[in-house]
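Asks: Take 62 as the starting number for the sequence shown in the numbering used here and just add one per residue.
Even glycine gets a Cβ: it sits at the ideal position worked out from N, Cα and C.
Below are the structure tokens for one structure; questions will follow.
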Amino acid sequence: MPFVNERWPGGMLTNFPTIRKAVKKMTTIDKMSKDGTFDNLSKREKLQITRQRAKLEKNLGSIADLSRLPSALFVVDVMKEHIAVAEANRLGIPVFGIVDTNSNPENIDFVIPANDDASKSIEIILDTVVAAIAEGLQERKIEKLDNDEPEEEEAAAPAPGKRRRVRRNENAEAPKAEAPAEEAKAEAPVEAAQQTEEAPKAE
62 MPFVNERWPG GMLTNFPTIR KAVKKMTTID KMSKDGTFDN LSKREKLQIT RQRAKLEKNL
122 GSIADLSRLP SALFVVDVMK EHIAVAEANR LGIPVFGIVD TNSNPENIDF VIPANDDASK
182 SIEIILDTVV AAIAEGLQER KIEKLDNDEP EEEEAAAPAP GKRRRVRRNE NAEAPKAEAP
242 AEEAKAEAPV EAAQQTEEAP KAE
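See below:
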């Protein structure tokens, strides 16, 4: 999950496209080192690119997988990270924050009143939050699997229209098979009548 544990880069949310360009630049440098392009550069260029890569990694390495604006923001120290809170409020992103007695909770959507200076307090809260996120992701996977199963069953079942067509064809062929028998029955009395009429003439 993306996170920021160094200085908050100003405009990370409000100027997100520019941040994404910087992340892509870091990815490009990594590709250069893998495909051998980096070896063809001079020592000075290598040194400049290496320093640039280290700086990007320090500031943006933890958000390299962030391809879109986050759905929510969790802030440990809302007073220290007031820029991050302001950017989230401007974009309408919900903010979860640990609010100490020296902080203003007005701009925080979901306030967690606790000590934001003690490491033990922060650890307890973060463990609970991480467990809740993991549980939510697991429930989402289960719901997705449950929703996919009915679709697979519907795709495997034959279409009802095809069955009806087969039955209609069978019913349509049945009268044709019975028709010769009925015609034979209808012709039989006519032949019998002709024989009875010819009998007196023979006498």
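What are the start and end residues of the alpha helix (DSSP H) that includes PRO78?
Replies: Start and end: 77 to 96.
Asks: Using the beta-carbon count (16 or more within 10 Å), is LEU134 buried or exposed?
Replies: Buried is the call here.
Asks: Along the chain, where does the alpha helix (DSSP H) that runs through LEU130 open and close?
Replies: First-last for LEU130: undefined, no H or E at that position.
Asks: Measuring straight from C-alpha to C-alpha, what distance separates GLY162 and ASP100?
Replies: The question names Gly, but residue 162 in the sequence shown is Thr. C-alpha separation (whole angstroms): 55 Å.
Asks: With VAL146 as the anchor, note down where its alpha helix (DSSP H) starts and where it stops.
Replies: Run containing VAL146: 143 to 152, per the alpha helix (DSSP H) assignment.
Asks: Cα separation between LEU206 and GLU196?
Replies: One C-alpha to the other measures close to 16 Å.
Asks: With DSSP collapsed to three states, give me the class of VAL160.
Replies: It is a strand residue.
Asks: Quick one: grab the DSSP three-state call for ILE169.
Replies: The answer is coil: DSSP assigns ILE169 none of H, G, I, E or B.
Asks: Taking the DSSP output, what are the residues bridged to PRO174?
Replies: According to DSSP, which records beta bridges pairwise, PRO174 is partnered with VAL160.
Asks: Can you name, in chain order, every residue of its own chain whose Cβ lies under 8 Å from the Cβ of ILE80, other than the five neighbours on each side?
Replies: Closer than 8 Å at Cβ, skipping near neighbours: PRO70, GLY72, MET73, LEU121 and ILE124.
Asks: I'd like to confirm the pairing. Which residues does DSSP put opposite PHE135 in its beta bridges?
Replies: In the DSSP output, where bridge partners are listed per residue, PHE135 has PHE157.
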